[in-house]
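Residue numbers (our numbering), protein chains in the order written: chain A, 1 to 101; chain B, 1 to 254. Notes follow the structure.
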Amino acid sequence: MTLWQIIIAASIAVLALKLAGYLVPPALLHKPTPARIADLLTVALLAALIAVQTLGNGQALVLDARIPAVIVAAGLFAIKTPFIVVVLVAALVAAGLRALT
Amino acid sequence: MSEILAEKIGEQHQQRLATREGIAVGLATAAYGVSFGALSIAAGLDIWQTCFISIVMFSGGSQFALVGVLAAGGVVAGPAAIASATLLGVRNGIYGMRTAPIVGSGLWKRFAAAWITIDESTAVALAQPTPHSRRVGFWVTGLAVFIGWNITTLLGALIGDALGDTRAYGLDAAAAAAFVGLLWPRLKRMQAAAVAVAAAVVAATLTPVLIPGLPVLIAALVAVVVGLFNWLGTPGVPGGASTRRPSDGSGRDS
Numbered sequence: 001m002t003l004w005q006i007i008i009a010a011s012i013a014v015l016a017l018k019l020a021g022y023l024v025p026p027a028l029l030h031k032p033t034p035a036r037i038a039d040l041l042t043v044a045l046l047a048a049l050i051a052v053q054t055l056g057n058g059q060a061l062v063l064d065a066r067i068p069a070v071i072v073a074a075g076l077f078a079i080k081t082p083f084i085v086v087v088l089v090a091a092l093v094a095a096g097l098r099a100l101t
Numbered sequence: 001m002s003e004i005l006a007e008k009i010g011e012q013h014q015q016r017l018a019t020r021e022g023i024a025v026g027l028a029t030a031a032y033g034v035s036f037g038a039l040s041i042a043a044g045l046d047i048w049q050t051c052f053i054s055i056v057m058f059s060g061g062s063q064f065a066l067v068g069v070l071a072a073g074g075v076v077a078g079p080a081a082i083a084s085a086t087l088l089g090v091r092n093g094i095y096g097m098r099t100a101p102i103v104g105s106g107l108w109k110r111f112a113a114a115w116i117t118i119d120e121s122t123a124v125a126l127a128q129p130t131p132h133s134r135r136v137g138f139w140v141t142g143l144a145v146f147i148g149w150n151i152t153t154l155l156g157a158l159i160g161d162a163l164g165d166t167r168a169y170g171l172d173a174a175a176a177a178a179f180v181g182l183l184w185p186r187l188k189r190m191q192a193a194a195v196a197v198a199a200a201v202v203a204a205t206l207t208p209v210l211i212p213g214l215p216v217l218i219a220a221l222v223a224v225v226v227g228l229f230n231w232l233g234t235p236g237v238p239g240g241a242s243t244r245r246p247s248d249g250s251g252r253d254s
């Protein structure tokens, strides 16, 4: 697959899901299990992505400047700091630690 | 007579509030489009590809997931990147079931509405008290986020392009922090927090043994299993936040 094919396929898939929501009967939503799974699916994927993004380096697990950056980010989100500020601070923490070591 | 007049003024007031809230959410969300643009360039995409994703896919979580998996695994991880982005897009379909009655009928109107059905537009729409203000809230938020997000994506891509070595600027850590921000407002329930911890452990443990992208997909099975049997869940409470308040009032949209 080329990069463009990946991008187009993923974009169309996500858009198609949005359109599907307008086509299915709303009754499906009232079933608790599909709604609960969809909700937890988002949580699990985001958490898994955090783990891989923080610890992964290709197929290796490495402990580096990303870990303190993510811990700082979590702390800032906990005290309701705006998204863009937290992302910037996280980048600064990682960049600063790398510049020092 | 005066009662009807008061009602009309009240309705206009509600619509003004919905408009104001939608624009505020649009501005806040646009601010972090910059980080998507820069991270996408850091993952090896070009400016055109980055902007294409923000226009067509237009869903923050899925977009960050796509470039995140591609950054870790390259083009080889393509199928896993597509799958991650798609699975994260499932919730938009759920939102669509709730926003469809708000939008009303008309093929093109519904098509446009579906395109901008995301966390933010759904959350603002459902938070409004009257049918009309819900409709106003939905369209204003969706369009404000769409315009802002695409402008700032381009801006971020240009910045990322100018930076060169993005690791030195800590952009890899910024990507992880962005995911933390998307996850944070969803962790209020015990069940969600437990799923998050388990999924993170599964993904990290499998990283050294599986090709990039797959650990994230397998971690998603945690959600299916826990959701199916409703472990740690509250009996009688259907689903989590998405069945009532889709975005849960996360930090960035308040």
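Ideal Cβ positions, reconstructed from N, Cα and C, are used throughout, including at glycine. Because the structure is a prediction, the values reported are computed rather than measured.
Three or more C-beta pairs below 8 Å linking the stretch 89–100 of chain A and the stretch 106–115 of chain B | Contact between the stretch 89–100 of chain A and the stretch 106–115 of chain B is absent, because fewer than three Cβ pairs lie under 8 Å.
Local conformation of L61 of chain A per DSSP, three classes | One-based indexing of the first sequence puts residue 61 of chain A at position 61. Under the three-state reduction of DSSP output, L61 of chain A falls in the strand class.
Could you tell me whether the stretch 23–42 of chain B touches the stretch 148–160 of chain B, using the rule of 3 or more Cβ pairs below 8 Å?
-> Touching, yes, given that three or more Cβ pairs across the two stretches are closer than 8 Å.
Decide if F229 of chain B is buried, meaning its Cβ has at least 16 other Cβ atoms within 10 Å, or exposed.
-> Here residue 229 of chain B refers to the residue found at position 229 when the second sequence is read from its first residue. Exposed, by the Cβ-count rule.
Excluding the 5 residues preceding and the 5 following I47 of chain B in the sequence, name in chain order all residues of the same chain whose CB lies nearer than 8 Å to its CB.
-> For the purposes of this step, residue 47 of chain B is identified with residue 47 of the second sequence, where counting begins at 1. These residues qualify, in order along the chain: I41, L154, A157, L158, D161.
G56 of chain A bridges to which residues according to DSSP?
-> Locating residue 56 of chain A in the first sequence gives position 56, counting from the first residue. DSSP lists A:L61 as the beta-bridge partner residues of G56 of chain A.
Write down the C-beta distance between A144 of chain B and V70 of chain A rounded to the nearest angstrom, noting that I regard them as a contact closer than 8 Å.
-> Taking the second sequence and counting its residues from 1, the one referred to as residue 144 of chain B is at position 144. Taking the first sequence and counting its residues from 1, the one referred to as residue 70 of chain A is at position 70. Not a contact, Cβ separation roughly 30 Å.
L87 of chain B and L41 of chain A closer than 9 Å at C-beta | The residue given as residue 87 of chain B occupies position 87 in the second sequence. The residue given as residue 41 of chain A occupies position 41 in the first sequence. Yes. Within cutoff.
Could you check where the alpha helix (DSSP H) with A173 of chain B kicks off and where it finishes?
-> Position 173 of the second sequence, counting from 1, holds the residue named residue 173 of chain B. In the DSSP annotation of this structure, the continuous segment of the alpha helix (DSSP H) that includes A173 of chain B starts and ends at 171–183.
What residues of chain A sit near F138 of chain B, judged by a beta carbon separation below 7 Å?
-> The count along the second sequence starts at 1 and reaches residue 138 of chain B at position 138. Those do not exist, as F138 of chain B stays about 13 Å from chain A at its closest Cβ, beyond 7 Å.
Does the beta carbon of F146 of chain B sit closer than 9 Å to a beta carbon anywhere in chain A?
-> One-based indexing of the second sequence puts residue 146 of chain B at position 146. For F146 of chain B, the answer is no, since every Cβ of chain A falls outside 9 Å of its Cβ.
Where does F58 of chain B fall in DSSP's three states?
-> Here residue 58 of chain B is taken as the residue at index 58 of the second sequence, counted from 1. Correct three-state label for F58 of chain B: coil.
Reducing DSSP to helix, strand and coil, say where Y22 of chain A ends up.
-> Position 22 of the first sequence, counting from 1, holds the residue named residue 22 of chain A. Assignment of Y22 of chain A by DSSP, reduced to helix, strand and coil, places it in the coil class.
Buried or exposed: A18 of chain B, going by 16 or more other Cβ atoms within 10 Å of its Cβ?
-> Looking up residue 18 of chain B in the second sequence gives position 18. Residue burial is scored here from C-beta neighbours: A18 of chain B has at least 16 other C-beta atoms within 10 angstroms and is therefore classed as buried.
Is there a Cβ from chain A that is less than 9 Å from the Cβ of W108 of chain B?
-> Here residue 108 of chain B is taken as the residue at index 108 of the second sequence, counted from 1. So, not an interface residue.
Evaluate I37 of chain A with the Cβ neighbour count: other Cβ atoms within 10 Å of its Cβ, from every protein chain shown; 16 or more gives buried, anything less gives exposed.
-> For the purposes of this step, residue 37 of chain A is identified with residue 37 of the first sequence, where counting begins at 1. So I37 of chain A ends up on the buried side.
Classify N92 of chain B as helix, strand or coil using the three-state DSSP reduction.
-> The residue you call residue 92 of chain B lines up with position 92 of the second sequence. Collapsing the DSSP output to three states places N92 of chain B in a helix.
From G181 of chain B to A73 of chain A, what distance separates their C-alpha atoms?
-> Numbered from 1 along the second sequence, position 181 holds the residue referred to as residue 181 of chain B. Numbered from 1 along the first sequence, position 73 holds the residue referred to as residue 73 of chain A. Distance between the alpha carbons of G181 of chain B and A73 of chain A: 8 Å.
Residues of chain A with a CB under 8 Å from the CB of T86 of chain B: which are they?
-> Working through the second sequence from its first residue, we reach residue 86 of chain B at position 86. Here the neighbours are A10, A13, V14, L17.
According to the Cβ coordinates, are I7 of chain A and Q49 of chain B closer than 9 Å?
-> For the purposes of this step, residue 7 of chain A is taken as the residue at position 7 of the first sequence. For the purposes of this step, residue 49 of chain B is taken as the residue at position 49 of the second sequence. Cβ atoms of I7 of chain A and Q49 of chain B: closer than 9 Å.
Kindly list, in the order they appear in chain A, the residues whose Cβ is closer than 7 Å to that of L171 of chain B.
-> Within the second sequence, numbered from 1, the residue matching residue 171 of chain B stands at position 171. Within chain A, the C-beta atoms nearer than 7 Å to that of L171 of chain B come from A91, in chain order.
DSSP three-state call for N150 of chain B: helix, strand or coil?
-> To locate residue 150 of chain B, count along the second sequence from 1; it is residue 150. Helix at N150 of chain B.
What in chain B is Cβ-close to V62 of chain A, meaning under 8 Å?
-> Locating residue 62 of chain A in the first sequence gives position 62, where the first residue counts as 1. None at all; the shortest Cβ gap to chain B is about 10 Å.
Anything in chain B within Cβ reach of L49 of chain A, meaning under 7 Å, just list it in chain order.
-> On the first sequence, position 49 is the one that residue 49 of chain A refers to. Within chain B, the residues placing a beta-carbon under 7 Å from that of L49 of chain A are A65, G68, F179, V216, ordered along the chain.
Is the Cβ of L100 of chain A closer than 9 Å to any Cβ of chain B?
-> Residue 100 of chain A sits at position 100 when you count from the first residue of the first sequence. False, the Cβ-Cβ gap to chain B never drops below 9 Å.
Neighbour-count burial assignment, N92 of chain B, 16 or more Cβ in a 10 Å radius | For the purposes of this step, residue 92 of chain B is identified with residue 92 of the second sequence, where counting begins at 1. It is buried - the Cβ of N92 of chain B has at least 16 other Cβ atoms within 10 Å.
Is the beta carbon of A168 of chain B sitting closer than 9 Å to the one on V195 of chain B?
-> Numbered from its first residue, the second sequence carries residue 168 of chain B at position 168. Numbered from its first residue, the second sequence carries residue 195 of chain B at position 195. Against a cut-off of 9 Å, the Cβ pair of V195 of chain B and A168 of chain B comes out as no contact.
Whose Cβ in chain A lies nearer than 8 Å to the Cβ of M57 of chain B?
-> Within the second sequence, residue 57 of chain B is the residue found at index 57, counting from 1. Residues of chain A passing the Cβ test: A10, S11, V14, L15.
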